[in-house]
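Please read the structure below before turning to the comments.
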Amino acid sequence: MDPGVVALIAALASLIGGLVGALIAKSATLDAASINAKAPVVTKRYEAQLDAYKAFQSALDVLRHSLTANDFDRIVFKAADQAVHDNINVLSHLAPKDVAEIAEKIGWTCRKVRLRVQGGRSASTRARNAEWETWIQPQRKALNAAIRKNHA
């Protein structure tokens, strides 16, 4: 394939990934604004946190699907990784400190996994699934436990 076409596809995928992350963040912001107009401050913050958690979890779901897919596409995976990082920025402003720290740790782990996969160390579907199960899934469980603890 022509290198110019590959570069164009990569640029478009990066743009799409950024737009997806921005749309998710925008949706969470709009939901939070709607809630702000109707509820007391404590409820507003709680609802905004829940929206941020949902957006972050959705971004992780997209990342997992792109990482473990049989028809793996590095460009889609890179865009999914960027969406996770975009959502971390929103989450880190809304969530309690312990939750935000775990989310940031997940983000850096996702970035390390992406670099390993792009470096060719985890080329097979089985190896990419092992990357998810070994590195990201345990942190996701810790994140969910921290969220439950803070909202119990």
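Take the sequence shown: its letters are residues 1 to 152, numbered as in full-length UniProt numbering. Here a beta-carbon is modelled for each residue, glycine too, at the ideal position from N, C-alpha and C. Keep in mind it's a predicted model, so treat the numbers as computed, not measured.
The beta-carbon separation of residue 77 and residue 91, rounded to 21 Å, does not stay under the 8 Å limit for a contact.
Taking all protein chains shown into account, residue 107 has 16 or more neighbouring C-beta atoms within 10 Å of its C-beta and is therefore buried. By the Cβ criterion, the region 127 to 135 is in contact with the region 54 to 67, since at least three pairs of Cβ atoms, one from each stretch, lie closer than 8 Å.
Within the same chain, and ignoring the five residues on either side of residue 139 in sequence, the residues whose Cβ sits closer than 8 Å to its Cβ are 102, 105, 106 and 109. Using a Cβ distance threshold of 9 Å, residue 125 and residue 69 count as a contacting pair.
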